[in-house]
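In full-length UniProt numbering, the protein residues as written are 1 to 293.
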């Protein structure tokens, strides 16, 4: 059921195995979401545009390999989940045109919306709480264009559904490399999204942190965390040439997390201290103890 005051502009995306109705523009009580129209007079829009042009120019196959070596050593810190959330208490995502406040609030907004919409899936409530925790990389010195924003695979031609389009990749050396600038690039059809080398981001980092920790979150939750920012795929049907049966089965989990992530940004701020014990109980079950970051 659509909430009062919500206006959705959607398009039908035809994947090889199913038809998906996705939201291409979202309004709630007059507020528009995911609006990337260039406006030099709007400081947020200019901030967002600069972020994505840097991301698209500088994220290459070689760069992503370097980030894997740097961050997947898991030697940067050891701390439990709620402490990591506190690290983001004052963090502002420069790629987000919808939010101009700290990430901590949005983490609880997402989790609480999932809790309300899917009361029978406590593991997804926790996924909502931690889905952006990989952004701690930026607090620890990483450039935001290597941490936040929509994701896409490197090593193949970019899709024109990516924010700001293919033209924003001008200057990226991989665009001139015949191994990387075709539709399949360095991959094979049907190889599965898990075998793509995604641009480096908080999504991939948080997924790898959880796997390294031995989290018992179900595969649906881990997959949703890993690909929730892959908008060209889950909201536009791009890169479907790489999807396999597993991806087809788990798409619904991504859409579940993504919808509550996006649509909670205008929600009332939750009383964090009041709801914290509930989430601590989920953490104790699925991601207990100190986590290596």
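We treat Cβ as the ideally placed atom computed from N, Cα and C, and that holds for glycine. As the structure is a prediction and not an experimental result, all values here were calculated from the model.
- The secondary-structure analysis by DSSP pairs residue 79 across a beta bridge with 291.
- Taken in chain order, the whole alpha helix (DSSP H) runs of length 4 or more contained in the stretch 218-256 are 219-227, 231-234.
- In the same chain as residue 94, and ignoring 5 residues on each side of it, the C-beta atoms closer than 6 Å to its own belong to 47, 51, 144, in chain order.
- At the C-beta level, residue 76 and residue 140 come within 8 Å of one another.
- By the C-beta criterion, the stretch 199-214 is judged not to be in contact with the stretch 168-179, since fewer than 3 inter-stretch pairs fall below 8 Å.
- The alpha-carbon separation between residue 196 and residue 245 amounts to approximately 15 Å.
- Within the stretch 63-132, the runs of alpha helix (DSSP H) at least 4 residues long that lie entirely inside it are, in chain order, 81-87, 103-117, 122-130.
- The closest CA to that of residue 147, considering only 121, 226, 194, is found on 226.
- Per the C-alpha coordinates, the member of 131, 222, 124, 78 positioned closest to residue 104 is 131.
- Three or more pairs of CB atoms, one per stretch, sit closer than 8 Å, so the stretch 55-63 contacts the stretch 155-168.
- Three or more pairs of CB atoms, one per stretch, sit closer than 8 Å, so the stretch 148-162 contacts the stretch 235-242.
- Following the DSSP letters along the chain, one finds residue 44 inside the alpha helix (DSSP H) bounded by residues 43-58.
- Secondary structure note for residue 211: its alpha helix (DSSP H) is the uninterrupted segment 202-213.
- For residue 162, no alpha helix (DSSP H) segment is defined, and its DSSP state is neither H nor E.
- When the five nearest sequence neighbours on each side are left out, the beta carbons in the same chain lying within less than 7 Å of the beta carbon of residue 115 are those of 125, in order along the chain.
- For residue 282, the enclosing alpha helix (DSSP H) begins and ends at 272-286.
- When secondary structure is reduced to three states using DSSP, residue 178 falls in the coil class, being assigned neither helix nor strand.
- If you compare the alpha carbons of 219, 72, 82 with that of residue 281, the shortest gap goes to 82.
- In chain order, 134, 146, 147, 148, 149, 151, 229 place their CB closer than 8 Å to the CB of residue 201, counting only its own chain and leaving out the 5 sequence neighbours on each side.
- Secondary structure of residue 137 (DSSP, three-state): helix.
- Counting C-beta atoms within 10 angstroms of its own C-beta, residue 43 has fewer than 16 neighbours from the protein chains shown and is therefore classed as exposed.
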